[in-house]
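Protein chains: 2
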Amino acid sequence: MTRYQHLADLLAARIEQGLYGEKEKLPSVRTLSQQHGVSISTVQQAYRLLESRRLIVPQPRSGYFVAPRQALPPVPAMTRPAQRPVEVTQWDQVLTMLDARHDKTITAFGGGSPDVEQPTLRPLWREMSRVIQHNPGEIFSYDSLPGRRELREQIARLMLDGGTIASADDIVVTSGCHAALSIALLAVCKPGDIVAVESPCYYGTMQMLRGFDIKAIEIPTDPQTGISVEALEMALEQWPIKGVILVANCNNPLGFVMPDARKRQVLSLAQRYDIAIFEDDIYGELANDYPRPRTLKSWDIDGRVLLCSSFTKTVAPGLRVGWVVPGRYRDRVLHMKYAASATNVPSTQLAVAAFVREGHYHRHLRKMRQIYQANIEIYSGWCRQYFPCGICLTRPQGGYMLWVELPEEVDMVCVATQLRRLKIQVAPGSLFSASGKYRNCLRINCALPPDEKHRAVMAQLGEAIYRAIEAPEESVVMANGAINGFRQ
Amino acid sequence: MTRYQHLADLLAARIEQGLYGEKEKLPSVRTLSQQHGVSISTVQQAYRLLESRRLIVPQPRSGYFVAPRQALPPVPAMTRPAQRPVEVTQWDQVLTMLDARHDKTITAFGGGSPDVEQPTLRPLWREMSRVIQHNPGEIFSYDSLPGRRELREQIARLMLDGGTIASADDIVVTSGCHAALSIALLAVCKPGDIVAVESPCYYGTMQMLRGFDIKAIEIPTDPQTGISVEALEMALEQWPIKGVILVANCNNPLGFVMPDARKRQVLSLAQRYDIAIFEDDIYGELANDYPRPRTLKSWDIDGRVLLCSSFTKTVAPGLRVGWVVPGRYRDRVLHMKYAASATNVPSTQLAVAAFVREGHYHRHLRKMRQIYQANIEIYSGWCRQYFPCGICLTRPQGGYMLWVELPEEVDMVCVATQLRRLKIQVAPGSLFSASGKYRNCLRINCALPPDEKHRAVMAQLGEAIYRAIEAPEESVVMANGAINGFRQ
Numbered sequence: 410m411t412r413y414q415h416l417a418d419l420l421a422a423r424i425e426q427g428l429y430g431e432k433e434k435l436p437s438v439r440t441l442s443q444q445h446g447v448s449i450s451t452v453q454q455a456y457r458l459l460e461s462r463r464l465i466v467p468q469p470r471s472g473y474f475v476a477p478r479q480a481l482p483p484v485p486a487m488t489r490p491a492q493r494p495v496e497v498t499q500w501d502q503v504l505t506m507l508d509a510r511h512d513k514t515i516t517a518f519g520g521g522s523p524d525v526e527q528p529t530l531r532p533l534w535r536e537m538s539r540v541i542q543h544n545p546g547e548i549f550s551y552d553s554l555p556g557r558r559e560l561r562e563q564i565a566r567l568m569l570d571g572g573t574i575a576s577a578d579d580i581v582v583t584s585g586c587h588a589a590l591s592i593a594l595l596a597v598c599k600p601g602d603i604v605a606v607e608s609p610c611y612y613g614t615m616q617m618l619r620g621f622d623i624k625a626i627e628i629p630t631d632p633q634t635g636i637s638v639e640a641l642e643m644a645l646e647q648w649p650i651k652g653v654i655l656v657a658n659c660n661n662p663l664g665f666v667m668p669d670a671r672k673r674q675v676l677s678l679a680q681r682y683d684i685a686i687f688e689d690d691i692y693g694e695l696a697n698d699y700p701r702p703r704t705l706k707s708w709d710i711d712g713r714v715l716l717c718s719s720f721t722k723t724v725a726p727g728l729r730v731g732w733v734v735p736g737r738y739r740d741r742v743l744h745m746k747y748a749a750s751a752t753n754v755p756s757t758q759l760a761v762a763a764f765v766r767e768g769h770y771h772r773h774l775r776k777m778r779q780i781y782q783a784n785i786e787i788y789s790g791w792c793r794q795y796f797p798c799g800i801c802l803t804r805p806q807g808g809y810m811l812w813v814e815l816p817e818e819v820d821m822v823c824v825a826t827q828l829r830r831l832k833i834q835v836a837p838g839s840l841f842s843a844s845g846k847y848r849n850c851l852r853i854n855c856a857l858p859p860d861e862k863h864r865a866v867m868a869q870l871g872e873a874i875y876r877a878i879e880a881p882e883e884s885v886v887m888a889n890g891a892i893n894g895f896r897q
Numbered sequence: 410m411t412r413y414q415h416l417a418d419l420l421a422a423r424i425e426q427g428l429y430g431e432k433e434k435l436p437s438v439r440t441l442s443q444q445h446g447v448s449i450s451t452v453q454q455a456y457r458l459l460e461s462r463r464l465i466v467p468q469p470r471s472g473y474f475v476a477p478r479q480a481l482p483p484v485p486a487m488t489r490p491a492q493r494p495v496e497v498t499q500w501d502q503v504l505t506m507l508d509a510r511h512d513k514t515i516t517a518f519g520g521g522s523p524d525v526e527q528p529t530l531r532p533l534w535r536e537m538s539r540v541i542q543h544n545p546g547e548i549f550s551y552d553s554l555p556g557r558r559e560l561r562e563q564i565a566r567l568m569l570d571g572g573t574i575a576s577a578d579d580i581v582v583t584s585g586c587h588a589a590l591s592i593a594l595l596a597v598c599k600p601g602d603i604v605a606v607e608s609p610c611y612y613g614t615m616q617m618l619r620g621f622d623i624k625a626i627e628i629p630t631d632p633q634t635g636i637s638v639e640a641l642e643m644a645l646e647q648w649p650i651k652g653v654i655l656v657a658n659c660n661n662p663l664g665f666v667m668p669d670a671r672k673r674q675v676l677s678l679a680q681r682y683d684i685a686i687f688e689d690d691i692y693g694e695l696a697n698d699y700p701r702p703r704t705l706k707s708w709d710i711d712g713r714v715l716l717c718s719s720f721t722k723t724v725a726p727g728l729r730v731g732w733v734v735p736g737r738y739r740d741r742v743l744h745m746k747y748a749a750s751a752t753n754v755p756s757t758q759l760a761v762a763a764f765v766r767e768g769h770y771h772r773h774l775r776k777m778r779q780i781y782q783a784n785i786e787i788y789s790g791w792c793r794q795y796f797p798c799g800i801c802l803t804r805p806q807g808g809y810m811l812w813v814e815l816p817e818e819v820d821m822v823c824v825a826t827q828l829r830r831l832k833i834q835v836a837p838g839s840l841f842s843a844s845g846k847y848r849n850c851l852r853i854n855c856a857l858p859p860d861e862k863h864r865a866v867m868a869q870l871g872e873a874i875y876r877a878i879e880a881p882e883e884s885v886v887m888a889n890g891a892i893n894g895f896r897q
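Residue numbers (the working numbering), protein chains in the order written: chain W, 410 to 897; chain A, 410 to 897.
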């Protein structure tokens, strides 16, 4: 970091902490130069940087003043996707993003990884070692088809918190929530079928639909209350829809928790039109509120909800331990699990079962909920600070994703291409739409610790967005160049 | 074990070892009674048991004589399945068998588990502990989509032994060979497509086809040389077949290694008719001959062979580490991997990569090849000893499966149902046919150590088969009763 950036960050922190109040005059260039032992031009550069960040405003002949405090940007409006079944595109973009994931020099704002560096995760490490020492025979052998019973018993207990009443026998363990959802889809749908999704919708889910030749119909979704029940009903009337995929609790990417009344409305719609509900509850345990919000499954009286979840976001992705509570589809789900992958790794199942049983899971979860909530506050502040005026920002009620809507003219696909050269990976909104909508949007993974490094990356991201607004053509040209370069 | 059974086994062992020669007279009942300090009736019972095992024959007024030594039963003839595309059935039977797998009181002759109790596997246990201690960050994080590079590099080296030339980038790691094959099928086929299979064919593969709504056409297969090239060509001429699934090396369940010339004939047929080859090489490393037999992939010049394999049979099923070398289908395979399950568990990948790198894999494999070869000898002997005359028996050239063809009138599905009550699980031949053929056949897993316990189980199995021959109606009634009991 250069000297002037360092100074600018210092001043920005003082403004944020209120040491310099709103509309207060800042020290003169000369005073600062003497106080910090830097040159006049360094101070001038720092002030210009703060000005570009909308933190200070110059007044001719009297110096710089703290800018009037901006209110939190508004929440994005209800989305308006094309409401007809479409084939999912965007695979190339997803693949590029996945490819970047394992370059350790890259800052991955676009991925979905949780924070796995917290000390409350250490007992898991001990449980894994213990499992290997005490169960060599079992960890080397085939698992049973539904998964380890001791794990399913722990999961059944955990799910009570969300109102889901299921016995160990009602649960089928899978390789993460991703496999849970894919098996659920394979069990219910055929190629050519139509499935309704929230819009925006997690790109992994979307690519699953593409893989299995299922068409997606994107339903307008409110960033605070979830899928539009009215729009869903209209779609159900118009199209032969097989099911709807919902992330009702701590939605990815929008962060909402659907109000209970709306959850029940969707469920009764599903009953009326006889469709399945694929409930993706992977972030449900990370809700800000305690006790955690209820699942749709908790009101499911006729087994049409296939509840999918995992320990990926709450504990660690590398465990690959997820599950599905398939309701009336249990036989088909077991068969599709057998067809797709047969059995899972026993060692990680045994380790996470012990982690839950010994109470480590709840301690860890409590900690992570606090951390992610605080992170989102900080990242929201940075968005306000570094991004242009006119953005909209979600107010996540859990999880660790932030969704930013930028001015219409910003093409985040181009910006993402430029940022790759700076070793920054972001997820443009278009990944979250079957047909590439939301190019002016962006999902940010706030699980990345909000340290100085990530603040600097957010600032770089903001600069790239400013550039895209100021010279949109140039950024397109640069992006194309970069794409060509990338493909060579 | 009762006293008379113990005595019978002792005498049987002496006969097998040649201490009592062929047609030699055995000691009188009185002599044995004095020698072993048992009652006259115990000796009489022991002799009657040996007689029922066809090891000795009584001669009126002169006592018991060692029975003339039987020649090894003939190899089964070329199979003759119905050569038209059919929908796969038999799922209920497979599920029943899988359900039984995790009851530790059951002897699982029907499953496919390797022997994971050998001391040459201990280093794997150490490598797993080491991985967990040294890489906590990595084992908790997401894997990359194609799988851990250090593992793919080791796999690339291993595959050279079978003539397969592939770089780490050509390999996609999967959750076992099962997932490798299912992803390969999803990448190439659509529902309604037709795929050719050897007949008999592993039931897991068959159920995959059922799960994905792919029709199977079963091709006549010779138990010594593999799929009939002529019959395959006829089928290709008659039906729009998308691909053929082959277990060319150490076939499951028949045990053959396809001669190289035939492998090349099938490959050139595939080129001529432009179909894909799904090569399941999971047992390939367990061939009796060294160096191991070549893969079809090793002659594949246009990338139409999707080679699938894993460490499940050679090392341990609980690792869930397999791979596919997808050739020209790489992009589709990566997409289907993402759609079906996304990424795999990193810890077991890292452990097995170290196990291979440090040379433990080759040591273990050498040992296991010897063990399985010896086991098959012993189990073949027991088949001869305990099963009725007129059986046919395969001569496996690797792997650990033995295929027994029993007299036409034996219904192994019924026998299997009876045996379940005796806590013995067997795999009736019908599991290996799309339409339930081979009801008079049986696959035996010779990886189970040929100890006294398993000898006794083989004897029980033989008795059940004898009963089925002597009173076929009764066994059907019993089986139905058992099924009803089971379902309650």
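Positions of the beta carbon are idealized from the N, C-alpha and C atoms, including for glycine.
Quick one: grab the DSSP three-state call for W:G807. Assignment of W:G807 by DSSP, reduced to helix, strand and coil, places it in the strand class.
Neighbourhood of A:A575 by C-beta, 7 Å cutoff - its chain only, sequence neighbours within 5 removed: Cβ neighbours of A:A575 within its own chain (closer than 7 Å, five residues either side excluded): A565, M568 and V734.
Taking the Cβ atom as the reference point for each residue, do A:G521 and A:R510 lie within a distance shorter than 7 Å? No; because the gap between Cβ atoms is not below 7 Å, this pair is not in contact.
Under 7 Å between C-beta atoms of W:S707 and W:G572: Between W:S707 and W:G572, the CB-CB gap stays under 7 Å.
Run through the DSSP bridge pairs and tell me what W:Q779 is partnered with. In DSSP, W:Q779 forms no bridge with anything.
Under three-state DSSP, which class holds W:Y473? Strand at W:Y473.
Figure out for me which residue from W:V606, W:A725 and W:D508 has the closest Cα to the Cα of W:V525. Closest option to W:V525, Cα to Cα, is W:A725.
Inter-residue Cα distance where the pair is W:I592 and A:I623: Annotation: W:I592 to A:I623 spans about 17 Å, alpha carbon to alpha carbon.
Kindly list, in the order they appear in chain W, the residues whose Cβ is closer than 7 Å to that of A:L554. Under the 7 Å cutoff, chain W gives L507.
Which of the three DSSP states is assigned to A:S844 in this structure? Three-state DSSP puts A:S844 in coil, outside helix and strand.
Test item: CB-CB of W:V604 and W:G652 under 7 Å: Against a cut-off of 7 Å, the Cβ pair of W:G652 and W:V604 comes out as a contact.
Using a Cβ cut-off of 7 Å (strictly closer), state whether A:G519 contacts chain W. It does not; no Cβ of chain W falls within 7 Å.
Measuring alpha carbon to alpha carbon, tell me which residue in A:K432, A:P668 and A:Y699 is nearest A:R775. Shortest Cα-Cα distance from A:R775 to any of A:K432, A:P668 and A:Y699 involves A:Y699.
Near W:D669, what residues of its chain come up, given a Cβ to Cβ distance below 7 Å and the 5 sequence neighbours on each side ignored? Answer for W:D669: R703, listed in chain order.
Residues of chain W with a CB under 8 Å from the CB of A:P755: which are they? The answer, in chain order, is G727.
Beta bridge counterpart(s) of A:E627 as assigned by DSSP: BP columns for A:E627 point to A:V606.
Contacts of A:H587 in chain W (Cβ-Cβ under 7 Å): Neighbours of A:H587 across chain W, judged by C-beta separation under 7 Å: S750 and A751.
Who pairs with A:V714 in a beta bridge, going by DSSP? For A:V714, DSSP records a beta bridge to A:I686.
For W:R898, which option in W:P436, W:P632, W:S437 and W:H445 has the closest C-alpha, if you only look at C-alpha atoms? This structure cannot speak to residue 898 of chain W, because chain W is shown only from 410 to 897.
If contact means a Cβ-Cβ distance below 8 Å, which residues of the stretch 533–562 of chain A contact chain W? Within the stretch 533–562 of chain A, the qualifying residues are L533, W534, M537, S538, I541, Q542, P545, G546, E547, I548, F549, S550, Y551, D552, S553 and L554.
Below 8 Å on the Cβ atoms is my guess for W:A455 versus W:L428; work out the distance and round it to an integer in Å. 16 Å between Cβ atoms; not a contact.
Helix, strand or coil: which one does DSSP assign to A:E818? Of the three classes helix, strand and coil, the one that applies to A:E818 here is coil, per DSSP.
Residues of chain W with CB under 7 Å from A:F621, in chain order? Contacts between A:F621 and chain W, judged by CB atoms closer than 7 Å, involve A748 in chain order.
So is W:C792 buried or exposed if we call it buried at 16+ other beta carbons inside 10 Å? Residue environment: W:C792 is assigned as buried (16 or more neighbouring CB atoms within 10 Å of its CB, all protein chains considered).
Would A:A760 and A:M615 be called neighbours here (beta carbons separated by less than 7 Å)? Against a cut-off of 7 Å, the Cβ pair of A:M615 and A:A760 comes out as no contact.
Put W:V765 into one of helix, strand or coil per three-state DSSP. In the structure shown, W:V765 sits in a helix (DSSP, three-state: H, G or I).
Starting from W:R531, trace the alpha helix (DSSP H) both ways and give me its first and last residue. Here the alpha helix (DSSP H) through W:R531 covers R531 to H543.
Every unbroken beta strand (DSSP E) inside the stretch 706–750 of chain W [3 residues or more]: Within the stretch 706–750 of chain W, the runs of beta strand (DSSP E) that reach at least 3 residues and sit entirely inside it are, in chain order, 714–719 and 731–734.
Among W:C855, W:N854 and W:L840, which has the Cα closest to the Cα of W:R848? Comparing Cα positions, the closest option is W:L840.
Spatial distance of W:D552 from W:T752 (CA atoms): Each residue's Cα considered, the two are about 6 Å apart.
Nearest-angstrom Cβ-Cβ length linking W:L464 and W:A476, presumed shorter than 8 Å: So it is a contact: roughly 6 Å between Cβ atoms.
Where do the ends of the alpha helix (DSSP H) carrying W:Q414 lie? For W:Q414, the uninterrupted alpha helix (DSSP H) run begins and ends at R412 to E425, by DSSP.
Does any residue of chain W have a CB that is nearer than 7 Å to the CB of A:H863? Not a single C-beta of chain W is nearer than 7 Å to the C-beta of A:H863.
Would you say A:A888 lies against chain W (beta-carbon separation less than 7 Å)? Its pLDDT being 48, under 50, A:A888 is placed unreliably in this model, and the coordinates cannot settle the point.
Neighbour flag for A:M745 against chain W, beta carbons, 7 Å: It does; some Cβ of chain W falls within 7 Å.
If we cut at 7 Å on Cβ distances, does W:S591 have a partner in chain A? By this cut-off, W:S591 is an interface position.
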